[in-house]
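Asks: 40 is the number of the first residue of the sequence shown in this note's numbering; add one for each residue after it. Heads up, the beta-carbon is just placed ideally off N, CA and C, and yes, glycines get one too. Here the structure is a predicted model, which is why all the values come from computation and not from measurement.
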Amino acid sequence: MSIKDIPRQAYMSVTPIETLSNLRRHLGENCPELFIKRDDVNSYYGNKTRKLEYLIADAKQQGADTIVTVGAIQSNHCRICLSAANRENMDCILILEERVKNTYHENASGNNFLYHLLGAKEIHVVPGGTNLQNEMKRLSDKARNNGKKPYIIPGGGSNSIGALGYVRCAEEIKEQNQSLNLGLTHVVAASGSSGTHAGLVAGFQNEIPVTGISVMRSQSEQEEKVLGLAQALSEKLNIPTVKADQVKVDDRFVGPGYSLPKDSTVTAIQTLAQSEGIICDPVYTGKALDGFLTLIREGYFKKSDRVLFLHTGGITSMTGFSSDFNTMKKSPVYNTI
Numbered sequence: 040m041s042i043k044d045i046p047r048q049a050y051m052s053v054t055p056i057e058t059l060s061n062l063r064r065h066l067g068e069n070c071p072e073l074f075i076k077r078d079d080v081n082s083y084y085g086n087k088t089r090k091l092e093y094l095i096a097d098a099k100q101q102g103a104d105t106i107v108t109v110g111a112i113q114s115n116h117c118r119i120c121l122s123a124a125n126r127e128n129m130d131c132i133l134i135l136e137e138r139v140k141n142t143y144h145e146n147a148s149g150n151n152f153l154y155h156l157l158g159a160k161e162i163h164v165v166p167g168g169t170n171l172q173n174e175m176k177r178l179s180d181k182a183r184n185n186g187k188k189p190y191i192i193p194g195g196g197s198n199s200i201g202a203l204g205y206v207r208c209a210e211e212i213k214e215q216n217q218s219l220n221l222g223l224t225h226v227v228a229a230s231g232s233s234g235t236h237a238g239l240v241a242g243f244q245n246e247i248p249v250t251g252i253s254v255m256r257s258q259s260e261q262e263e264k265v266l267g268l269a270q271a272l273s274e275k276l277n278i279p280t281v282k283a284d285q286v287k288v289d290d291r292f293v294g295p296g297y298s299l300p301k302d303s304t305v306t307a308i309q310t311l312a313q314s315e316g317i318i319c320d321p322v323y324t325g326k327a328l329d330g331f332l333t334l335i336r337e338g339y340f341k342k343s344d345r346v347l348f349l350h351t352g353g354i355t356s357m358t359g360f361s362s363d364f365n366t367m368k369k370s371p372v373y374n375t376i
């Protein structure tokens with residue numbers, strides 16, 4: 040089956056690839072050519088939009104009128120699901136997992152504010168470690184008993200339907216690579232619920248290697264999760280099966296836990312903001328950026344390489360994490376030239 044044959048609800052157009060010339064100059068003469076894929080500038084400000092194009096299309100095909108999904112507090116995924124549900128005239132039930140104790144505040148800023156602005160009718164906050172599959176099923180059954188037709192979307196939209204969004208993104212990058220004559224040799228992206236990473240690996244095959252920066256799990260756990268989903272995509276699309284050596288994860292930037300950044304992550308976020316005017320969040324893109332900059336400094340890439348950083352969004356949650364930036368240097372970490 041070709042990806043072009045699978046129903047898609049079009050929410051976004053092609054996102055740009057830009058050069059990072061200021062950042063490259065800042066990193067020194069041995070730095071490779073750097074590029075950034077701006078998936079943060081689509082209609083819903085994040086990578087989950089690509090996944091929802093396929094998930095919402097599937098929900099509509101099944102006659103659903105209610106979306107049931109789960110995420111952490113300040114979840115971009117939940118906010119984007121709610122936005123898409125509004126657009127499709129569906130209800131949306133959100134389950135927010137408080138992965139870090141005592142961090143949920145109903146009147147917080149960031150995405151918590153946006154849930155209410157978007158008119159969320161049901162928000163269920165559960166403790167960290169809750170069986171989220173069971174909770175989604177419970178609320179889905181309750182909605183069905185009330186005459187609704189629920190459709191469950193897993194956390195991050197990361198299943199073999201949602202991950203199709205990043206198979207399509209890989210094809211988009213390959214087309215841009217050719218039309219813009221970029222000569223890309225590597226891609227670096229955050230690796231969390233696994234759909235983005237798995238979709239890219241399945242879509243690129245061996246054409247462009249992908250390094251995933253884990254935001255919450257150990258290397259072995261994350262590689263297993265990504266590989267399983269990538270192989271499910273291979274089977275679904277009848278393309279060559281992704282092999283284990285195609286899945287690469289670096290877990291050094293997880294920090295104290297999910298959404299909790301290391302000091303080096305805060306500095307990395309400042310560096311990109313002050314050099315290129317591009318903002319990353321501390322949950323996903325900031326940790327991936329920390330890994331990206333560290334790999335460059337360690338010489339993981341050759342000077343002749345041309346490396347793409349995938350920006351997967353997250354800016355709408357930033358104000359909700361301002362307390363995590365108490366180590367932020369008040370003086371500039373980047374000096375203009």
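Below 8 Å on the Cβ atoms is my contact criterion, and I expect L94 with I252 to pass it. Report the Cβ-Cβ distance as a whole number of Å.
Replies: Contact flag wrong, Cβ pair sits at about 24 Å.
Asks: Using 8 Å as the threshold, is the C-beta distance between N86 and T235 below it?
Replies: Yes, these two residues count as a Cβ contact at 8 Å.
Asks: Rounded to a whole number of angstroms, what is the C-alpha to C-alpha distance between G316 and E211?
Replies: Near 24 Å, if we compare the C-alpha coordinates of E211 and G316.
Asks: To test your reading of the DSSP string, which unbroken beta strand (DSSP E) runs of 3 or more residues are found completely within the segment 277 to 331?
Replies: Whole beta strand (DSSP E) segments, 3+ residues: 287 to 289.
Asks: When you compare only the Cα positions, how much space is there between I192 and G67?
Replies: Cα-Cα distance, rounded: 44 Å.
Asks: In whole angstroms, what separates the C-alpha of H65 from that of F331?
Replies: Spanning the two alpha carbons is a distance of roughly 14 Å.
Asks: Assuming contact is defined by CB atoms lying nearer than 8 Å, are E136 and T105 in contact in what I supplied?
Replies: No, these two residues do not count as a Cβ contact at 8 Å.
Asks: Considering only their Cβ atoms, is the gap separating R336 from D290 smaller than 8 Å?
Replies: No, these two residues do not count as a Cβ contact at 8 Å.
Asks: At what residues does the beta strand (DSSP E) containing L349 begin and finish?
Replies: Its beta strand (DSSP E) spans residues 345 to 350.
Asks: Please return the same chain residues whose Cβ sits closer than 6 Å to the Cβ of I247, not counting the five positions on each side in sequence.
Replies: Result list for I247: L223, V226, in chain order.
Asks: Name the residue from G167, A182, S60, A209 whose alpha carbon lies nearest to the alpha carbon of V53.
Replies: If we check each option's Cα against that of V53, A209 comes out closest.
Asks: Whose C-beta lies closer than 6 Å to the C-beta of R118 among residues of the same chain, with five residues either side of it excluded?
Replies: Correct list, in chain order: N150, L153.
Asks: Helix, strand or coil: how does DSSP classify S28 here?
Replies: What is shown of the chain runs 40 to 376, which leaves residue 28 out entirely.
Asks: Which of the three DSSP states, helix, strand or coil, is assigned to L266?
Replies: In the structure shown, L266 sits in a helix (DSSP, three-state: H, G or I).
Asks: For S14, does the three-state DSSP call read helix, strand or coil?
Replies: Residue 14 is absent from the structure shown; the chain starts at 40 and stops at 376.
Asks: Where are the alpha helix (DSSP H) runs, 4 residues long or more, that stay fully inside the segment 144 to 175, in chain order?
Replies: Segments of the alpha helix (DSSP H) lying fully in the segment 144 to 175: 150 to 156.
Asks: Can you give me the C-alpha to C-alpha distance between I376 and D320, rounded to a whole angstrom?
Replies: Caution is warranted here: a pLDDT of 46 is assigned to I376, below 50, making its placement in the model unreliable, and no coordinate value can be reported.
Asks: By Cβ distance, which residues of its chain are closer than 8 Å to L157, with the 5 residues on each side in sequence left out?
Replies: Cβ within range, chain order: R118, L121, S122, N125.
Asks: Figure out for me which residue from F360, R89, G325 has the closest Cα to the Cα of T306.
Replies: Nearest of F360, R89, G325 to T306, Cα basis: G325.
Asks: Following a CB-centred definition, is C131 positioned closer than 7 Å to any heavy atom of the ligand MG?
Replies: In the structure shown, the ligand MG is absent, as is every other ligand, since no ligand is present at all.
Asks: What residue range does the alpha helix (DSSP H) around I119 cover?
Replies: First-last of the alpha helix (DSSP H) with I119: 115 to 126.
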